[in-house]
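With the working numbering applied, the sequence shown covers 120 to 390.
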Amino acid sequence: MTDDAVPFDDRGFAYGDGLFETVLVRDGQPLLWDAHLRRLARGAERLEIPLPDTQTLASLPGQAGAGLCVLKLLVTRGSGGRGYASPESPVPRLRWRFMPFMPQSTYWRDGVRVRLCRLRLGHQPLLAGIKHLNRLENVMARREWRDPDVAEGVLCDQHDRLVEATSMNLVWRRHGILETPDLAACGVEGTLLAALRERLSIHTRGVGIEALMEADAAWVINSVQGVWPLKQLDDADGTCLNRWPVHTAHRYLQQHAHPLLGYPHDVFDEA
Numbered sequence: 120m121t122d123d124a125v126p127f128d129d130r131g132f133a134y135g136d137g138l139f140e141t142v143l144v145r146d147g148q149p150l151l152w153d154a155h156l157r158r159l160a161r162g163a164e165r166l167e168i169p170l171p172d173t174q175t176l177a178s179l180p181g182q183a184g185a186g187l188c189v190l191k192l193l194v195t196r197g198s199g200g201r202g203y204a205s206p207e208s209p210v211p212r213l214r215w216r217f218m219p220f221m222p223q224s225t226y227w228r229d230g231v232r233v234r235l236c237r238l239r240l241g242h243q244p245l246l247a248g249i250k251h252l253n254r255l256e257n258v259m260a261r262r263e264w265r266d267p268d269v270a271e272g273v274l275c276d277q278h279d280r281l282v283e284a285t286s287m288n289l290v291w292r293r294h295g296i297l298e299t300p301d302l303a304a305c306g307v308e309g310t311l312l313a314a315l316r317e318r319l320s321i322h323t324r325g326v327g328i329e330a331l332m333e334a335d336a337a338w339v340i341n342s343v344q345g346v347w348p349l350k351q352l353d354d355a356d357g358t359c360l361n362r363w364p365v366h367t368a369h370r371y372l373q374q375h376a377h378p379l380l381g382y383p384h385d386v387f388d389e390a
């Protein structure tokens, strides 16, 4: 089914008992599709939800038609069970929707301003890395600002260690080394980040905000928007903590990431 009505007793609707993926589709071809399917399978294994048959999943992107769009795919445990107790033999429910999409291309060239969020992510290693439906922490963090000049919020965990942005992963370069936060306890392992780690040496670090303060370049990334250089980091009150000049040095990650998404990687040369 597409985005038909979900029954009142659907466990995804009631408890966030399910998974989702957000896939960039270009002319009917899904980008990083295998990575999305692998993450969906990991999540299904972790939550013990049977996946829809592979033939059904494989057929979805081809329904998009021409142009650039985003496929949002949701899998819930379905209906049944009593309260939090899940059914012994769940019948998963699959829903999807295609949405026209236009990336924020000026952010590729000019960079973005981000802010620290007050909210701290709790640790739950069982759910870390996967894209489950219960994203209330991210929703509450995103409610912390209304300023249209702030493109993203940076999230730390309960020990003030960097984790991610509200809907993107973090990467920075410090002392010539590419680094990204440790996601073993919380956060989502993005498919673009996973693809880049197969191509580049990106080191996992359990560090606080001081790592960004020491970085000579930093980015927020995901498989829909691509790579946005950071130009300014504010604290939760709007006070600037650090600025980065956005120049050709920031092309490095885009050169490796954007071809995977069909996006230009020479945006600074065009400026």
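Using N, Cα and C, we set each Cβ at its ideal position, and we do this for glycine too.
Nearest Cα to Leu190 within the set Phe220, Gly202, Glu329, Arg212: Phe220. Across the structure, Trp347 and Thr310 are spaced so that their CA atoms are roughly 16 Å apart. The Cβ-Cβ distance between Leu238 and Leu274 falls below 8 Å. Looking at Arg228, Ala163, Met218, the one whose alpha-carbon comes closest to that of Pro209 is Ala163.
Counting along the chain, Gln351 sits inside the beta strand (DSSP E) bounded by residues 345-353. Residue environment for Gln344: buried (at least 16 other C-beta atoms within 10 angstroms of its C-beta).
Between Pro222 and Tyr371, the C-beta gap is not smaller than 8 Å, which leaves the two residues out of contact.
About 27 Å separates the CB atoms of Ile168 and Gly147; that is not less than 8 Å, and the two are not in contact. Taking Ala204 as the centre and dropping the five residues before and after it, the same chain places no C-beta closer than 6 Å to its C-beta. In terms of CA proximity to Val282, Cys305 leads the group Leu315, Cys305, Arg228. Judged by beta-carbon spacing, Val339 lies within the 8 Å limit of Val231, meaning their Cβ atoms are closer than that value. By the Cβ rule, the region 319-329 counts as touching the region 296-304, because three or more pairs are nearer than 8 Å.
Excluding residues up to 5 positions away in sequence, Gly135 lie with their Cβ nearer than 6 Å to the Cβ of Asn253 in the same chain.
Looking at Ala133, Leu151, Val144, the one whose alpha-carbon comes closest to that of Ala314 is Leu151. By the Cβ-count criterion, His278 is exposed, with fewer than 16 other Cβ atoms from all chains shown falling within 10 Å of its own Cβ. In the assembly as shown, Val142 is a buried residue. Its beta-carbon has 16 or more other beta-carbons within 10 Å.
Between the C-alpha atoms of Leu213 and Gly181 there is a straight-line separation of about 17 Å. The residue from Asp129, Val258, Arg318 with its alpha-carbon nearest to that of Arg196 is Asp129.
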